[in-house]
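J.:
In this note's numbering, the protein residues as written are -6 to 334.
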């Protein structure tokens, strides 16, 4: 009896294995796929030309199988004409060694960069992030108010591909410096200058009242095609203020520049562009975010009662276009008081 039961169990177990094998054979296998809920969160892109612009957080893969591969296809002008300026390749600068902010010469900085050839508008192969390279200029790339460009993106994985149609690229004109007084559509100045980021402890020479940011104009001027940065200060009559009067300024470490030259009317550095060189990397020359160069012009004077009165003019800025640039601070309402009481 027990032997018959054991034989029955053996037969049943064998049948179960056969059935299981047959079921597995005819069940559909797992397959990579593009999720039907995958989508671009942004469909119109408006980068500012003249700088490297990475456009992130723009694609939701939904339930797509990773990794995904992205490529731009069918890019053309909005009127249907070919967009050879975006399908040709151009020389661009990239870092081959990580920039640290501790470099001691322009030659060292240059040795950390190299030139590659890229399309001016690209998509990151596995993230879907778009990148507009700095050599793209409004002299040959269409900018607003023009309707710009239309393109498709092919997204694929081992299971297939899907096209996302009619995305738009509508670049804005260059803003070679920030803060900017230039309209991003017309490229024309909307006001004479900008203002410093802050003033503390600076009082008027005649009024003895505190001066604020609205009492100072800041002007950016490109005067050549070299690689220098010059700071100047002007009084209410546009006469030069001797930078030596900012007597506690750390001139040697004001910017990541070299070969400082100071006269009684200006301070000049040899620099590498853009400034800051790597956006988002905090160095001794940037704000805490690493997004802006941070300059502080300091001086101190003896106030009433013999107390030391510190004063500071601070300015956060960016410079994207290489050249011989001047940043000029002009005091409008009253001149800063440097003399002791």
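Ideal Cβ placement from N, Cα and C applies to all residues, glycine included.
1. Assess contact between the stretch 202 to 212 and the stretch 323 to 330, defined as three or more Cβ pairs (one per stretch) separated by less than 8 Å. Is contact present?
2. Determine the direct distance from the alpha carbon of residue 173 to that of residue 187, and round the result to whole angstroms.
3. State the Cα-Cα distance for the pair residue 267 and residue 298, rounded to the nearest angstrom.
4. Would you identify the three-state DSSP class for residue 127, choosing helix, strand or coil?
5. Would DSSP call residue 245 helix, strand or coil?
6. Identify, in the order they occur along the chain, each residue of the same chain with its Cβ nearer than 7 Å to the Cβ of residue 238, setting aside the five sequence neighbours on each side.
7. Looking at the secondary structure, which residues open and close the beta strand (DSSP E) in which residue 317 lies?
8. Within 10 Å of its beta-carbon, does residue 333 have 16 or more other beta-carbons around it, so buried, or fewer, so exposed?
9. Determine the DSSP secondary structure at residue 192, reduced to helix, strand or coil.
10. Alpha carbon to alpha carbon, what distance is there between residue 317 and residue 152?
11. In the DSSP assignment, the alpha helix (DSSP H) including residue 102 goes from what residue to what residue?
12. For residue 349 and residue 146, what's the separation of their Cα atoms in angstroms?
13. Secondary structure at residue 238, three-state DSSP: helix, strand or coil?
14. Excluding sequence positions up to five away, which residues of its chain have a Cβ less than 6 Å from the Cβ of residue 260?
15. Does the stretch 39 to 50 come close enough to the stretch 163 to 183 that 3 or more CB-CB pairs lie under 8 Å?
16. Give a yes or no on whether the C-beta atoms belonging to residue 231 and residue 319 are separated by under 8 Å.
17. Do the stretch 61 to 68 and the stretch 81 to 100 meet, that is, are 3 or more Cβ pairs less than 8 Å apart?
18. Note down the Cα distance separating residue 31 from residue 159, rounded to an integer number of angstroms.
19. Thinking just about the alpha-carbon of each residue, which of 84, 219, 300 and 281 is nearest to the one in residue 262?
20. Measure from the alpha carbon of residue 75 to the alpha carbon of each residue in 135, 301, 156 and 29, then state which is nearest.
21. Out of curiosity, what's the CA-to-CA distance linking residue 139 and residue 312?
22. Assuming residue 28 and residue 56 make a contact with CB atoms under 8 Å, what is their CB distance in whole Å?
T.: According to the data block:
1. Contact holds between the stretch 202 to 212 and the stretch 323 to 330, because three or more Cβ pairs, one in each stretch, are under 8 Å apart.
2. Their backbone Cα atoms lie some 7 Å apart in a straight line.
3. Computed Cα separation, rounded: 46 Å.
4. For residue 127, the secondary structure class from DSSP, reduced to helix, strand or coil, is coil.
5. Taken through DSSP and simplified to helix, strand or coil, residue 245 comes out as helix.
6. 292 and 331.
7. Run containing residue 317: 317 to 324, per the beta strand (DSSP E) assignment.
8. So residue 333 ends up on the exposed side.
9. Of the three classes helix, strand and coil, the one that applies to residue 192 here is strand, per DSSP.
10. Here the C-alpha atom of residue 152 lies approximately 53 Å from the C-alpha atom of residue 317.
11. Boundaries of the alpha helix (DSSP H) around residue 102: 99 to 104.
12. With the chain covering -6 to 334 only, the question about residue 349 has no answer from this structure.
13. Residue 238: helix per DSSP, three-state reduction.
14. Excluding residues within five positions, the ones whose Cβ falls inside 6 Å are 224 and 236.
15. Output reads yes: the stretch 39 to 50 touches the stretch 163 to 183.
16. Between residue 231 and residue 319, the gap from beta carbon to beta carbon reaches 8 Å or more.
17. Note that the stretch 61 to 68 does not touch the stretch 81 to 100; fewer than 3 beta-carbon pairs, one per stretch, sit closer than 8 Å.
18. Whole-angstrom Cα-Cα distance: 16 Å.
19. Out of 84, 219, 300 and 281, 219 has the C-alpha closest to the C-alpha of residue 262.
20. If we check each option's Cα against that of residue 75, 135 comes out closest.
21. Distance from the CA of residue 139 to the CA of residue 312, rounded to the nearest whole angstrom, comes to 26 Å.
22. Contact holds; Cβ gap of about 4 Å.
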